[in-house]
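Student:
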């Protein structure tokens, strides 16, 4: 049971992010929520990599051969870069939305202005 | 509370319960049930790819195509951001 | 010569993705030299890719599953796990690749004149090629994480392109909605991939499908995968982004966006039929005396979502005033038809009492065929309508139906293409939509008559919607403000013409397509053991 | 943004080469120590972003345009995919084949790491790290530069 605390933390992060996305009305807060979900998922991948008493998967001289799993590290690296790309694009769109509507409130944007 | 909010709360609670039960059922932290593929990579990274860093050997050799996709994602984002901030009239 | 072709064929799964990527990286450099050269370059890249698709598809339909391992020669290590990424192409993948290549050719050719007046075209062509590459990657890959990466490439590129007209607030708004929904969906998928990885220590779809045990965590992964992909495919509770995105993007982008939506639908099929294929007949619940199997449960859920999707799509299309938004809601409805067919097919899966293998009832087979045929028909029909809407916008700078009228006199070709698209979407006999919709009605009638009645009624309503559009936009007296409207340039007519020709061909020879393409695809979808056997 | 005070500018110009060298070190030793093209590229790009904050977007845009960065990024991406395509020609002829290791194409790179060994180990991995590093530096800096410059314009209006 005590060993599952990292997973509970992952679930907590994901739920906090989802709550921000669903219940918040400010665009910046929605973006922050998505970033928190992403951190939760990245944390999940990293927790999968850990093995008790293991070292980082890098050979240096005569170290112990029990290493943590390398594949989740690689997946997390990819997912972080993807997160940066998505974040950059979302912020760009928010800048444009603010220029058009002069507000960041979801309830006030989105009307057609033919 | 509008109907939309109630639906959102119900949806949120269901997801929360499922994920927490799932977290309790996952394998104990630090003891993966099955690590054949990763153990193979750890054992063979030096002889097959020549790299000391296992993560780099996964990123650029074993799963190199993912990294091409990842580099492309960054390229896409840069192209998108530059395109969205372009000058609109010639 | 045949030596070169064989080498190309061997490497084609990798090259189909790598060539558009290479083209995308080169486009900014070529755009520095000359604008025309860049347009020709983009078209040439897409044509090369389509040629490779043709090679691959003709081989897959005659010789069966083909795999390609990146950076190594054998797919498996120690006969039990796949360390490297591999592409596995069976009938379903090949079929989706055909759709993607048709849409890509038409979209790029159409863009030449359609986008001529805009700035930032270097980046536009880069992003279009990236979107095409991402679509092919999603379709061909056999690795879960690779699927996620290409999904993100398509969603980022298409989000930037949806917001292309940054001077319109609604376009930027549509792009933002799309990126929020699709990134949450993608994170769900990534989380599910993590769950599957934690249990089986594998990322390859076939390896996971082989060792999956359907415990509690796998159920969570299934729900997360399907809901994440449904968000990207625009199925009803999560359809909010789709009409905005389809309606506000430039028409050439919308055409390729249809392809990415269907690639997500392909993901749903792959997850249900291949990855969880082993456990589809597992009893999940006993109500009274009857055992409810997993396939029935998934099927009923899919059918109910499909009915919602059809009803909301068609009813919302009735009250729209904007040309492109109306077509976008009709597109939502069409997605519902495909889902209805797949739901009906899944409910009819059962275990053969004699041999113990999973079998598909006859009406389920018909439904599966109808659904698969409808995927390609929907892409072509709705795509053609969007291109026509783009042509009208290009010629008149209006898209509101109240302001249009009398265009048939000046735009003859566009009118003809619109009539073809209208008849095809509504499922009127000489066109391709008729065949697939007939198969869907026929099979859903055997599941429950009410389903097919609703489907037919909605199809009639769709016809009514488009006849109204046809009347108000094309017929009537010539309006004075449209006196100078000319027919659209040749490249746009060519783009629309390609799709229209394929529609008519499919409509005239449906049996040819059904026997040679749809039949092997239906068998390939259902046969999960062949998909696993392609790797293991 | 018109740039910050003289103290900030001086410190930024002292810290810039140091962080740049650190980032390049991380890129170059990606196959031996923790790090790699992405991480090192992010370090160098943040050094460039520090200059951008200290001196202001107008000054930086005068020194380097986003078009040039875009070309650099294309070159990095081309280098990466080019190395992948070379795998089709040399060695065992597979896309993304690490053709320099165990296959004797160029002898000097045909070496295998033995615990923090020489930099010429691991075949194409260091070369790919350099290509990705170039791409990430140019890409991230282009994003930050374009965003800073665009928001400056809106404040001026």
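Chains as they are written, first to last, in this note's numbering: chain A, 1 to 114; chain B, 1001 to 1090; chain C, 2001 to 2536; chain D, 3001 to 3157.
All residues carry an ideal CB built from backbone N, CA and C; glycine is no exception.
Values in this document were obtained by computation on a predicted structure and should not be read as measured data.
#1: Tell me where the beta strand (DSSP E) around residue 2069 (chain C) begins and ends.
#2: Write down the C-beta distance between residue 3147 (chain D) and residue 1081 (chain B) rounded to the nearest angstrom, noting that I regard them as a contact closer than 8 Å.
#3: If I measure Cβ to Cβ from residue 2461 (chain C) and keep anything under 6 Å in the same chain, skipping five residues before and after, which residues do I get?
#4: Closest by CA to residue 3014 (chain D), which one among D:3036, D:3034 and D:3051?
#5: Using CA atoms only, rank isn't needed, just tell me which of D:3145, D:3150, D:3149 and D:3068 is closest to residue 3045 (chain D).
#6: Which residues in chain A have a C-beta closer than 8 Å to the C-beta of residue 1031 (chain B)? List them in chain order.
#7: Hey, does residue 1054 (chain B) have any beta-carbon neighbour from chain A nearer than 8 Å?
#8: Using the Cα positions of residue 2087 (chain C) and residue 2013 (chain C), report the straight-line distance between them to the nearest angstrom.
#9: Taking DSSP's pairing of strands, which residues face residue 2290 (chain C) in a bridge?
#10: Would you say residue 3155 (chain D) faces chain A, with C-beta separation under 8 Å as the test?
#11: Should residue 1031 (chain B) be labelled buried (16 or more other beta-carbon atoms within 10 Å of its own) or exposed?
#12: I need the straight-line Cα distance from residue 2038 (chain C) to residue 2395 (chain C), nearest angstrom please.
#13: For residue 2515 (chain C) and residue 2533 (chain C), I'd like the C-alpha separation in whole angstroms.
#14: Strictly below 7 Å CB to CB, what residues from chain B border residue 20 (chain A)?
#15: Given residue 2075 (chain C), which residues of its chain have a CB within under 7 Å of its CB, disregarding the five upstream and five downstream residues?
#16: Residues of chain D with CB under 7 Å from residue 1061 (chain B), in chain order?
#17: What are the partner residues of residue 2453 (chain C), as DSSP defines its beta bridges?
#18: Buried or exposed: where does residue 3062 (chain D) fall if 16 or more other Cβ atoms within 10 Å of its Cβ makes it buried?
#19: Which of the three DSSP states is assigned to residue 2077 (chain C) in this structure?
#20: The alpha helix (DSSP H) that contains residue 3008 (chain D), what's its start and end?
#21: Identify each residue in the segment 1064-1077 of chain B for which the Cβ-Cβ distance to at least one residue of chain C is less than 8 Å, and report them in chain order.
#22: From the DSSP output, which residues share a beta bridge with residue 2213 (chain C)?
#23: Once the 5 residues before and after residue 2388 (chain C) are set aside, which same chain residues still bring their CB inside 7 Å of it?
#24: I need the DSSP call for residue 1048 (chain B), collapsed to helix, strand or coil.
#25: What are the start and end residues of each continuous alpha helix (DSSP H) run of 4 or more residues lying completely inside the segment 2155-2229 of chain C, in chain order?
#26: Please list, in chain order, the chain C residues whose beta carbon lies closer than 8 Å to that of residue 37 (chain A).
#27: Any beta carbon of chain D sitting closer than 8 Å to that of residue 2069 (chain C)?
#28: Taking 8 Å as the threshold (beta carbon to beta carbon), is residue 102 (chain A) in contact with chain D?
#29: Looking only at C-alpha atoms, which of C:2506, C:2390, C:2453 and C:2446 sits nearest to residue 2433 (chain C)?
#30: Can you tell me where the beta strand (DSSP E) holding residue 2089 (chain C) begins and where it ends?
#31: I want to verify the contact list: residues of chain B whose CB lies under 9 Å from the CB of residue 3080 (chain D), in sequence order.
#32: Which residues bound the alpha helix (DSSP H) around residue 2349 (chain C)?
#33: Mind checking residue 2215 (chain C): buried by the 16 CB within 10 Å criterion, or exposed?
#34: Going by C-alpha to C-alpha distance, which of C:2469, C:2249 and C:2105 sits closest to residue 2045 (chain C)?
#35: Measure the C-alpha to C-alpha separation of residue 1076 (chain B) and residue 2137 (chain C) and round it to an integer number of angstroms.
#36: My guess is that residue 2099 (chain C) and residue 2379 (chain C) are in contact by the Cβ rule of under 8 Å, so how many angstroms apart are they, rounded?
Tutor: With the structure as the only source:
#1: 2066-2069
#2: 7 Å
#3: 2314
#4: D:3051
#5: D:3145
#6: 3, 51 and 52
#7: yes
#8: 7 Å
#9: C:2287
#10: Caution is warranted here: a pLDDT of 49 is assigned to residue 3155 (chain D), below 50, making its placement in the model unreliable, and no coordinate value can be reported.
#11: exposed
#12: 24 Å
#13: 25 Å
#14: The premise fails here: residue 20 (chain A) is roughly 11 Å from chain B at the closest Cβ pair, so nothing lies under 7 Å.
#15: 2067, 2069, 2082, 2086 and 2535
#16: 3098 and 3125
#17: Answer is none; residue 2453 (chain C) lacks a bridge partner.
#18: exposed
#19: strand
#20: 3006-3028
#21: 1064, 1065, 1066, 1068, 1069, 1070, 1072, 1073, 1075, 1076 and 1077
#22: Looking at the DSSP assignment, residue 2213 (chain C) forms no beta bridge with any residue, so it has no partner.
#23: 2414, 2417, 2418, 2421 and 2496
#24: helix
#25: 2169-2200 and 2205-2211
#26: 2184 and 2187
#27: yes
#28: no
#29: C:2506
#30: 2086-2089
#31: 1067, 1068 and 1071
#32: Per DSSP, residue 2349 (chain C) belongs to no alpha helix (DSSP H); it is in the beta strand (DSSP E), 2349-2351.
#33: exposed
#34: C:2105
#35: 15 Å
#36: 5 Å
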